[in-house]
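Below is one structure, written out as structure tokens, with a few remarks after it.
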Amino acid sequence: MESLFIFSLIILFGLLFSQVIAEPVEDKQALLDFFNNFPHSRDLNWNQSSTVCNNWTGVICSPDKSRIIALRLPGIGFHGSIPSNTLSRLSALEILSLRSNQITGPFPSDLFNLKNLSFLYLQFNHFSGPLPSNFSFWKNLTVINLAYNAFNGSIPSSISNLTQLTSLNFGNNLLSGEIPDFDLPNLQQLDLANNNLTGSIPKSLLKFSSSAFSGNNVSFSPSPAQSPVFPPTPKSKNGRKLSESALLGIIIGGCVIGLLAFIFLLVVCCSKRKGENGSSGKLQKGERSPDKPIQGSQDGTSRLVFFEGFNYAFDLEDLLRASAEVLGKGTFGTAYKAVLEDATTVVVKRLKEVGVGKREFEQQMELVGKIRHVNVAELRAYYYSKDEKLMVYDYYSQGSVSALLHGKRGADRIPLDWDTRLRIAIGAARGIACIHTENNGKLVHGNIKSSNIFLNTQNYGCVSDLGLSTLINPVSPPVPRATGYRAPEVTDTKKAAQPSDIYSFGVLLLELLTGKSPVHATGGDEVVHLVRWVQSVVREEWTAEVFDVELMRYPNIEEEMVEMLQIAMACVSRMPDQRPKITDVVKMMEDIRRIDTGNRPSSETKSEISTPPPLESTSAPTVSQSLQ
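According to mature numbering (1 follows the signal peptide of the UniProt record, and there is no 0), the stretch in the sequence shown is residues -22 to -1, 1 to 606, in order.
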């Protein structure tokens, strides 16, 4: 009996183990063959030893992990033709996105074997030649986007057989001939613009706006119900035409009524806008931003530029569609939390008033992007166009130090304890020390403040938003809060120097010690500058009055706080040459107390790359959640 029980346990554990390690072996090999035989400029975390369903970028498996059902690899830098006998082996594939690459050649014949394909995204590539004559291979197709390629020939009439189709985009190709009468009952989005199409637009497509057909030599043939109907000339009751004075009165009356109607509509619209925006225009917690982080559309030439080591697959078009929440509006622009449709969460910094050209901007981004340090938020990607300049960072789920420190204080508030504040200060100092060694010791952060400091995975401070002071052309005075961090000698942010970074860091230390903002009100109209207030209190030897009341509950930390206060006071010295070097600041703070339990000491080389904090994400998305 005992042996039977043991045997049953072995069988049970065997079944459980097989479920844990189960993965689509054949599909995995097909992807490896595809990737290894297809030239590309960005690397992916694909290898034989890792689990495809849980770890591979851009890959989604079925719930039982038996097949791969979605492949999304936009902006990987693929160039050349898709290798044959690779994607065709993924016969269960439902979603395929290879957009925003540099793929050439005809329409991929490998796709004809993907009978379950529902969503196809190949836009922004260099495909050429005719479209497939028979689209009936894919009866489940719901979305087709082949825009911004060089497909030529006519539009296949077989598209009419795709009864599930809801979106069709053939815009910006070289298609010619007449537009077939699709008559697709579920079609909601259509774009055939900027081709060489001719003839009349079929009646079944007249419901779409004229922009769907712009840039072609096509004509509208409106149905009789849509033809303009001109009313007959008004006549009097006895059948004779009205007099000129009567006609004039009708015209004047009509104009007055029209004017009144216009004024009424204008008042209603203004009232509605005021109600939507509110008086302050600020977003409440959790509220979605009414505007996207990016306006406009990708033009095929300006693309997101990714740095090495960033394995998330998305591009500008993903950011265009991402839900965006405003995290904050700062000196150099607005930061958004962008949640992509595959649940990837990033921070997009939308810069304002960039005062340099493309080449200088890109050089600065390359300088910043190569910095790898556990206490510096890594720049993952950037984008430059005439109208938009963007920077993409990892999202830190705990929020900024400013939010943690100055968030709503009440009975349910979890205060920042002294150990955490000490870690924040030490980590931020290490990050600034790394920054100050870059570019032959000439790089300056230029915007150090608590809203630009985040907590990494070990709860040490992590510096973000660096290297922008030389790019931005300020056109308005800085907000008082930002002014509170600025060194006295800095009148132009472009002229910030490393000693001014030390001053700003000293203000951050005072902020951590006092719990007060750099510039704050005292209850009346009086505005208090933190540095001046602390200096006056210390001068009167009332040092105990300086520290945050939330810190008073922790025993045996008074001496450590006084040591930190002394470091802060040295950093905010009025004369730049009297401020310590950041390397000396790091050493002094590390000597306060050895609390290092996993963060790299400052003496280690900055060339070592530490794992960045993980992105906050939800559980694995379903197929419907992963749609483009």
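We treat Cβ as the ideally placed atom computed from N, Cα and C, and that holds for glycine.
Taking all protein chains shown into account, E537 has fewer than 16 neighbouring C-beta atoms within 10 Å of its C-beta and is therefore exposed. In the three-state DSSP reduction, L68 falls in the coil class, being neither helix nor strand. Short of 7 Å from the beta carbon of K6, and not among the five residues preceding or following it, lie these beta carbons of its own chain, in chain order: V30. Judged by DSSP secondary structure, R358 falls within the beta strand (DSSP E) whose first and last residues are L357 to Y362. One thing to note: L143 has its Cβ within 7 Å of the Cβ of L162. DSSP places F105 within a strand segment (E or B) once states are collapsed to three.
With a cutoff of 7 Å on beta-carbon distance, A128 and N147 are scored as not near each other.
No Cβ-Cβ contact shorter than 7 Å links R50 with F284. Just so you know, the alpha carbons of N139 and S59 end up roughly 28 Å apart. According to the DSSP assignment, E331 belongs to no beta strand (DSSP E), since it is labelled neither H nor E. Boundaries for G149: no beta strand (DSSP E) harbours it, and the DSSP string shows neither H nor E there. With respect to the 7 Å criterion, C549 and I480 are classified as neighbours on the basis of their beta carbons. For the pair Q342 and G445, the CB atoms are nearer than the 7 Å cut-off. 7 Å or more divides the Cβ of A465 from the Cβ of M567. The DSSP-derived three-state label of G445 is coil. A Cβ-Cβ separation of about 18 Å leaves V564 out of contact with A355 under the 8 Å criterion. In the same chain as G193, and ignoring 5 residues on each side of it, the C-beta atoms closer than 6 Å to its own belong to A171 and N172, in chain order. Under the 8 Å Cβ criterion, the stretch 514 to 529 does not count as touching the stretch 412 to 428, having fewer than three qualifying pairs. A straight-line Cα-Cα distance of about 23 Å links R350 and T398. Sequence-distant partners of V196 (beyond 5 residues in either direction) whose C-beta falls short of 8 Å from its own C-beta, in its chain, are I157, L175, T176, G177, S178 and I179. K559 carries a coil assignment under DSSP once its states are collapsed to helix, strand and coil. In the three-state reduction of the DSSP assignment, Q80 falls in the strand class. Between E72 and I38, the CB-CB gap reaches or exceeds 7 Å. A Cβ-Cβ distance of about 5 Å is found for the pair F113 and I137, placing them in contact under the 8 Å criterion. Between E489 and P393, the CB-CB gap reaches or exceeds 7 Å. Rounded to the nearest angstrom, the gap between the Cα atoms of V422 and P477 is 9 Å. The closest CA to that of F97, considering only W34, I122, R77 and D159, is found on I122. With fewer than 16 other Cβ atoms from the protein chains shown falling within 10 Å of its own Cβ, F198 counts as exposed. For T492, the enclosing alpha helix (DSSP H) has its first and last residue at Q476 to T492. Sixteen is the threshold: when 16 or more other Cβ atoms of the shown chains lie within 10 Å of the Cβ of T322, as they do, the residue is buried. For the pair Y374 and F432, the CB atoms are nearer than the 7 Å cut-off. Pairing F292 with L318 gives a Cβ-Cβ distance under 7 Å.
DSSP places E303 in the uninterrupted beta strand (DSSP E) bounded by S301 to K307. Comparing alpha-carbon positions, the option among G377, L297 and L491 lying closest to M539 turns out to be L491. Sorting R358, A70, L65 and T561 by C-alpha distance to the C-alpha of D42 places A70 at the top.
In the DSSP assignment, S514 falls outside any beta strand (DSSP E) and lies within the alpha helix (DSSP H) extending over L508 to R517.
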